[in-house]
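Novice: Residue numbers (my numbering): 38 to 303. Heads up, the beta-carbon is just placed ideally off N, CA and C, and yes, glycines get one too. Just so it is clear, the structure is predicted and the values come from calculations on it, not from any experiment. Below are the structure tokens for one structure; questions will follow.
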């Protein structure tokens, strides 16, 4: 499960399987209670099919345990509002990300990601490590078989936000972006600083398109975030995406700009 490190997802699956065995349920009986076929249950338990929020909720229904497994995931992994997005992200065929203030999480290096997570001074070292592992684990979707087509649009200010004590991290981060941008399924585009006003300045967002053609959006703010699946709201985000994307430099010019920034610091 994305943003749920694989060992934790495997742990949840093991606990569901153990609870099913302890209750004397066959996979077929459990599936009827959870709303899934026996073959689906078998695939999840053998880890050949991904664990999803719907499956976790179904397990809670089957066991009539008051939502134990969903609470467990929320406590040990990602906040509950984020779980539907993780499901959408993992199965997406296309991802579209606009970021005016940070490098998108799926493209962050370990050092950059740790610095971003460290900005929350309420987190313990253990919590920072857990969130870092989760973020890096999510990035595997970009290199998996049938990886989604990911288009990231980033404000130029993000590339240049680096004091002398952070430039080594930023050189590594931008170099990483340049490497990722060579992959056929990843495009990185930069909105230059001289584009002073545009629709994307109101905040970052990311969109995921499923195989059936439906889009889902995700917004983040200081208090958490929200998953957007209302048709009208998704249409608004898609419209804003097109506006922001049109302000960005083409792929080659974006690459040249990133190289220019790195060269200016080295």
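1. With burial defined as no fewer than 16 other Cβ atoms inside 10 Å of the residue's Cβ, what is the status of residue 304: buried or exposed?
2. Suppose the cutoff is 7 Å on Cβ atoms and the five residues either side in sequence are ignored; what does the same chain contact list for residue 208 look like?
3. Residue 185: which of 237, 254 and 221 sits nearest, CA to CA?
4. If you reduce the DSSP assignment to three classes, tell me which class residue 133 lands in.
5. Using CA coordinates, which residue listed in 188, 107, 203 and 235 is at the minimum distance from residue 217?
6. Please classify residue 38 as buried or exposed, where buried requires at least 16 other C-beta atoms within 10 Å of its C-beta.
7. Please state if the CB of residue 280 and the CB of residue 213 are separated by a distance shorter than 8 Å.
8. In the DSSP assignment, find the beta strand (DSSP E) that holds residue 246 and state where it starts and stops.
9. Look at the alpha carbon of residue 136 and the alpha carbon of residue 193, and state the distance between them as a whole number of angstroms.
10. Is the separation between the beta-carbon of residue 92 and that of residue 81 shorter than 8 Å?
11. Could you tell me which uninterrupted beta strand (DSSP E) segments, each at least 3 residues in length, are contained entirely in the segment 231-293, listed from first to last along the chain?
12. Residue 210 by DSSP, collapsed to three states: which one?
13. If you follow the alpha helix (DSSP H) that residue 153 is part of, which residue opens it and which one closes it?
14. Starting from residue 96, trace the alpha helix (DSSP H) in both directions and tell me its first and last residue.
15. Quick one: what's got a C-beta closer than 6 Å to residue 256's C-beta in the same chain, skipping five residues either side?
16. Between the segment 142-151 and the segment 164-180, do at least 3 Cβ pairs fall closer than 8 Å?
17. Let me know the secondary structure DSSP gives residue 140 once reduced to three states.
18. Kindly indicate the opening and closing residues of the alpha helix (DSSP H) around residue 192.
19. Let me know the secondary structure DSSP gives residue 128 once reduced to three states.
20. What span of residues does the beta strand (DSSP E) with residue 224 cover, start to end?
21. Helix or strand or just coil, what does DSSP make of residue 216?
Specialist: Based on what the coordinates show:
1. Nothing in the structure corresponds to residue 304, since the chain is present only between 38 and 303.
2. Only residues of its own chain outside the window of five on either side were considered, and among them 299, 302 and 303 have a CB closer than 7 Å to the CB of residue 208, listed in chain order.
3. Of the candidates 237, 254 and 221, the one whose C-alpha sits nearest the C-alpha of residue 185 is 221.
4. If DSSP states are grouped into helix, strand and coil, residue 133 belongs with the strands.
5. Of the residues 188, 107, 203 and 235, the one whose Cα lies closest to the Cα of residue 217 is 188.
6. Here the model assigns residue 38 a pLDDT of 40, short of 50, so the residue's position is not dependable and the matter cannot be decided.
7. In this structure, residue 280 does not lie closer than 8 Å to residue 213 by Cβ.
8. Residues 242-246.
9. One C-alpha to the other measures close to 10 Å.
10. Contact flag set, yes.
11. Entirely contained in the segment 231-293, the beta strand (DSSP E) runs reaching 3 residues are, in chain order, 242-246, 252-258 and 261-265.
12. In this structure, residue 210 counts as helix in the three-state DSSP scheme.
13. Looking at the DSSP string, the run of the alpha helix (DSSP H) that includes residue 153 is 147-155.
14. It spans 90-100 - the alpha helix (DSSP H) in which residue 96 sits, taken as one unbroken run.
15. So the list reads 242, 262 and 263, once near-sequence residues are dropped.
16. Verdict: yes, contact present.
17. In the three-state reduction of the DSSP assignment, residue 140 falls in the coil class.
18. Note, residue 192: premise wrong, no alpha helix (DSSP H); beta strand (DSSP E) at 186-192.
19. Under the three-state reduction of DSSP, residue 128 is assigned to coil, being neither helix nor strand.
20. Residue 224: member of the beta strand (DSSP E) spanning 223-228, first to last residue.
21. Helix at residue 216.
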